[in-house]
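In our numbering, the protein residues as written are 41 to 172.
Cβ coordinates follow ideal geometry from the N, Cα and C atoms, glycine included.
Because the structure is a prediction, the values reported are computed rather than measured.
Beneath this line is the structure, given in structure tokens, with notes to follow.
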């Protein structure tokens with residue numbers, strides 16, 4: 041017996057919520073480990089996922105990659121401005137956390153709210169187009 045459309049949409053919404061929750065966990069609680077969870081979901085569930093789940097999976101996967109790039113750029117700026125013992129370090133760290141990191145967390149919270157509502161979400165500037 042084939043699953044009902046409601047069951048499929050609930051499964052897709054659950055996957056979208058899981059992806060968005062892992063994104064926030066990656067940024068705030070256990071970076072790296074949660075990213076591995078995002079990569080695993082993206083590699084194993086994306087092709088068979090509903091449009092809603094695929095949209096959220098793509099958004100969090102690529103936003104996580106962008107977050108990693110921004111972190112590397114911040115560390116490169118610290119090294120170029122005198123290393124980790126320099127007073128400039130704190131300027132870069134504070135600027136990174138107040139602009140980049142906080143913005144990514146806010147976008148993730150909006151994405152989680154949209155996933156909980158069963159709606160698609162595209163990250164501003166860095167998000168890929170969705171078919172939802």
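Check: Would DSSP call residue 63 helix, strand or coil?
Finding: helix
query: So what does DSSP say about residue 121, is it helix, strand or coil?
result: coil
- Item | Given residue 93 as reference, the closest of 154, 65 and 53 once Cα atoms are compared | 53
request  = Find the nearest neighbour of residue 156 within the set 57, 49 and 51, judged by alpha-carbon distance.
outcome  = For the set 57, 49 and 51, the Cα lying nearest the Cα of residue 156 is the one of 57.
*When the Cα of residue 110 is compared with those of 88, 121 and 133, which residue comes out closest?*
In terms of CA proximity to residue 110, 133 leads the group 88, 121 and 133.
query = Apart from the five residues just before and just after residue 78, which ones in its own chain have a Cβ nearer than 7 Å to its Cβ?
reply = 59, 62, 63, 66, 100, 101 and 104
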